[in-house]
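For the sequence shown, position 337 matches number 1165 in my numbering, and the numbering has no gaps at all. We treat Cβ as the ideally placed atom computed from N, Cα and C, and that holds for glycine.
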Amino acid sequence: MIVLSIRIRLLGIPLERDEGEYAYAGQLMLQGIPPYQLAYNMKFPGTYAAYALLMSIFGQTIVGVHLGLLFVNAATVVLIFFLGRRLIDEIGGTVAAASYAVLSVSPSVLGFSGHATHFVMLPVVGGALLLLGALDRQSNGKLFCSGTLFGLAMLMKQPGAAFLLFGVVYLLARDWRRGFIRTAIFIAGGLLPFAITCFLLWRTGVFEKFWFWTVQYAHEYGGRVSLSLGAEVFAYAIGPVIGASWAIWVIAALGLVACCWKMKSSPSSIFLLAFFTSSALAVCPGFYFRPHYFILALPALALLVGMAASIVSIFRMGQSAVLLGLAAALALPLYAERDFFFKLSLNAAARSVHGVNPFPECVRIAQFLRDHSEPGDTIAVLGSEPEIYFYAHRHSATGYIYTYPLMEPHQYAAQMQREMVQEIENARPKFIIYVAVDTSWLARADSQRFLLDWFADYSRQNLQAVGLANIVSADRTDYYLPYASESVTPSRYRIEIYERKS
829 MIVLSIRIRL LGIPLERDEG EYAYAGQLML QGIPPYQLAY NMKFPGTYAA YALLMSIFGQ
889 TIVGVHLGLL FVNAATVVLI FFLGRRLIDE IGGTVAAASY AVLSVSPSVL GFSGHATHFV
949 MLPVVGGALL LLGALDRQSN GKLFCSGTLF GLAMLMKQPG AAFLLFGVVY LLARDWRRGF
1009 IRTAIFIAGG LLPFAITCFL LWRTGVFEKF WFWTVQYAHE YGGRVSLSLG AEVFAYAIGP
1069 VIGASWAIWV IAALGLVACC WKMKSSPSSI FLLAFFTSSA LAVCPGFYFR PHYFILALPA
1129 LALLVGMAAS IVSIFRMGQS AVLLGLAAAL ALPLYAERDF FFKLSLNAAA RSVHGVNPFP
1189 ECVRIAQFLR DHSEPGDTIA VLGSEPEIYF YAHRHSATGY IYTYPLMEPH QYAAQMQREM
1249 VQEIENARPK FIIYVAVDTS WLARADSQRF LLDWFADYSR QNLQAVGLAN IVSADRTDYY
1309 LPYASESVTP SRYRIEIYER KS
C-alpha cells in the first residue's frame, strides 16, 4: 500500500524524454499513423502500442501515462507473487512481490517513469509462469502461448530477447531428449509477435524505416562501447543503482548462493539461476548500463530475496523474525528517499533526479505552442525532447524526434542531419523549438556540425524569436511566453521558441 500511495502521488510528475517518445508514438498510432513514419527510433514498437492502448483507456495526459504504468507495475507484482509461490513457497512469493514493488519504484532505477523495461517484464513474468504450467501439464498449447508472451517482451524492447533465450535453455535443460520438439513450439510462439509486426509495418509502408532504425542503426549504436570500457561503465553505474536498496541486494546475493547450493536437488533453483543469468544478459546490450536498464533484473533479484527468506525461515529462526528483518530492508530505501517519495513538489522531484534536463519546462512550452497554433500546424524540436510533441498535440515536421543519433560518431550521422534539415525545410513548420541544454544533444568534439550551422543561417532568414524559458537554477525558471523583451539575457540552459515569419 505504501508503494501504491507513492505511485499515486507521483502520477503527475513531468514525463522524461523516453516517456515522451513512447507517448508521442502511441498518440500517433491512436490517430492511425504507424510507427517510424513521423517518429524515428531504434526501439521495437511494442511499447508504442502498449502506450497507445493504455492512453486509450486512461487518457493522453501525464497522469494517464503514469496511471497506465501503475497498473502494469501492479500486474507484474501480482505475477511475481504467483511465480514465487510456485517456485518457492507462500513466504517466498510474498517477499518476492514486496521486494519488486519497492525496487521498481526507486528513483535509482527511474522506476517511477514509464520506461520500456517495465513493459518488457510484465509479459516475461507471465510467460515464465505459463512455461512452468505448460511443462507440468505437458501442454503444447500453453508452451506456445508462453513463447508468445516472451516474444511480446522482445517486441517491447530488443533486450527482451534474452528472456526468450532463457526459455529455450530451460526447456532443453529440463529434458533434452524431448526438449527439441518443445523448444520448436516455444520458439514458434516467440517469433509470432515479431512476424505479425513486420507484416503490419510492411503493409503500412514503413518497414524500410523500421529495419534501418531497429537493425542497421541499432547495430551501429550497440557496437560503440568495448568490453573493457563497458566494465568501467558498469562499475560506475552499479553503486548508484543499488543505492539505499543495498540490504535487499545483499539478501538477493544470499538467495543466489542458496540456489547454487541447492542446484542439484531443486528444479526451482535451476530455474532461478537461469532466470537470473538471462536478466543479467538483458541489462548488458551495448554496455551502456543506464539506470532504467536494471529494471530488467529486478524480478530475478526479488525472487532470489524470496528464496533467501524461505530458507532462513525454515532453518535458522522463526518466520516472525525473518519477516521483521525483511521489512526493515524494504523500509530502508523508502526512508532514504522519503523526500522524493513524500515531500517534494512534482517539478522539484523531477529536478532532483534529472538535474537541469528541461522536463518541467516542456509542459509550459508545449502549452504555449498549442495555444498559438492550429491542429494542422507542424512543429520541429531541435533537441531530444519528444515530450513536447505529445503535450502540444502537434505533429513533428521531421521524423528525427531525437538529435542524439545525429551527434554520435557513426557512418549515418551526416546523412541523418541532412535528411532532418530536408524534412524541416519541406514541411515549413510554424514553430521551431531550439533546446539549448547539453543533455538534450550530447554533442562531442567530433560530432557533425551541419545541422547547427544550418539552423544559425535558417533562423536568421526565416524565423523570429517569440518565446524563451530560462533555466536560471534548479528551483527557478523564468518564462517569457510570449517573448516581449530583447533585453533578456539567455541563460546557459534554455529553450528558445521561433516562429516562421509571415
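Original post:
Just the Cα atoms here: how many angstroms apart are W1030 and V1133?
Top reply: 44 angstroms
Original post:
Of all the options P935, S934 and L980, which has the alpha carbon lying nearest to the alpha carbon of A956?
Top reply: L980
Original post:
Under the three-state reduction of DSSP, which class applies to D1306: helix, strand or coil?
Top reply: In the structure shown, D1306 sits in a strand (DSSP, three-state: E or B).
**OP:** List the residues that DSSP assigns as beta-bridge partners of R1322.
**Re:** A1264 and N1298
**OP:** Just mark M870 as buried or exposed, buried being the case when its beta carbon has 16 or more other beta carbons within 10 Å.
**Re:** buried
Original post:
Looking at D1303 and A1176, is the spacing between their C-beta atoms short of 8 angstroms?
Top reply: Yes.
**OP:** Would you check if the distance between the CB atom of R835 and the CB atom of L907 is smaller than 8 angstroms?
**Re:** no
**OP:** Run the CB neighbour count on W1089, radius 10 Å, all protein chains shown included, and call it buried at 16 or more, exposed below.
**Re:** That one is exposed.
Original post:
Based on the DSSP secondary-structure assignment, which residues constitute the bridge partners of L1210?
Top reply: Y1262
Original post:
S1315 by DSSP, collapsed to three states: which one?
Top reply: coil
Original post:
In whole angstroms, what separates the C-alpha of L1152 from that of F886?
Top reply: 38 angstroms
Subject >> Extent of the continuous alpha helix (DSSP H) run through F1117 >> reply: Neither: F1117 is in no alpha helix (DSSP H) and is coded neither H nor E.
Subject >> Through-space distance from F978 to P1161, alpha-carbon basis >> reply: 31 angstroms
Original post:
Should S1106 and L971 be called a contact, given that it needs their Cβ atoms to be closer than 8 angstroms?
Top reply: no
Subject >> Rounded Cβ spacing between L1296 and E1253 (contact assumed at less than 8 angstroms) >> reply: The pair is not a contact, with the Cβ atoms about 24 angstroms apart (cut-off 8 angstroms).
Subject >> Neighbourhood of A1220 by C-beta, 7 angstroms cutoff - its chain only, sequence neighbours within 5 removed >> reply: A1194, L1197, R1198 and I1207
Subject >> V891 versus L1174 - alpha carbon distance >> reply: 12 angstroms
**OP:** Count the other C-beta atoms from every protein chain shown that fall within 10 angstroms of the C-beta of E1036, then say buried if there are 16 or more, exposed otherwise.
**Re:** exposed
Original post:
Across which residues does DSSP place Q1292 in a beta bridge pair?
Top reply: E1327
Subject >> Residues near F1278 by beta carbon distance below 6 angstroms, same chain, minus five either side >> reply: Hits under 6 angstroms: Q1245.
**OP:** Assign S1345 to one of three DSSP states: helix, strand, or coil.
**Re:** Outside the displayed range of the chain (829 to 1330) lies residue 1345, so it cannot be described from this structure.
Original post:
If we call anything under 8 angstroms between Cβ atoms a contact, is L1131 one with G961?
Top reply: no
Original post:
Under a three-way DSSP split, which group does S833 fall into?
Top reply: Correct three-state label for S833: helix.
Subject >> Residue range of the alpha helix (DSSP H) that includes A877 >> reply: G874 to F886
Original post:
DSSP on S1224, reduced to helix/strand/coil?
Top reply: Judged by DSSP in its simplified three-state form, S1224 adopts strand.
Original post:
Would DSSP call H1047 helix, strand or coil?
Top reply: helix
Original post:
Near G939, which residues of its chain fall below 6 angstroms by C-beta distance, leaving aside the five closest residues on each side in sequence?
Top reply: Excluding residues within five positions, the ones whose Cβ falls inside 6 angstroms are S932 and V933.
Original post:
So what does DSSP say about R1192, is it helix, strand or coil?
Top reply: helix
**OP:** Reducing DSSP to helix, strand and coil, say where C1112 ends up.
**Re:** Here DSSP, grouped into helix, strand and coil, assigns C1112 to coil.
Original post:
Which residues mark the beginning and the end of the alpha helix (DSSP H) in which Q1245 is found?
Top reply: A1241 to A1255
Original post:
Leaving out five residues before and five after A1241 in sequence, what residues of the same chain have Cβ atoms less than 8 angstroms from its Cβ?
Top reply: P1233, L1234, M1235, S1275 and Q1276
**OP:** Determine the DSSP secondary structure at T1335, reduced to helix, strand or coil.
**Re:** No information on residue 1335 is available, as it lies outside the stretch 829 to 1330 that the chain covers here.
Subject >> V1053 in three-state terms, based on DSSP >> reply: Of the three classes helix, strand and coil, the one that applies to V1053 here is coil, per DSSP.
**OP:** Name the two residues that bound the continuous alpha helix (DSSP H) containing Y1365.
**Re:** With the chain represented from 829 up to 1330, any question about residue 1365 goes unanswered, as that position is not in the structure.
Subject >> P1095 (DSSP reduced to helix, strand or coil) >> reply: Helix, per DSSP.
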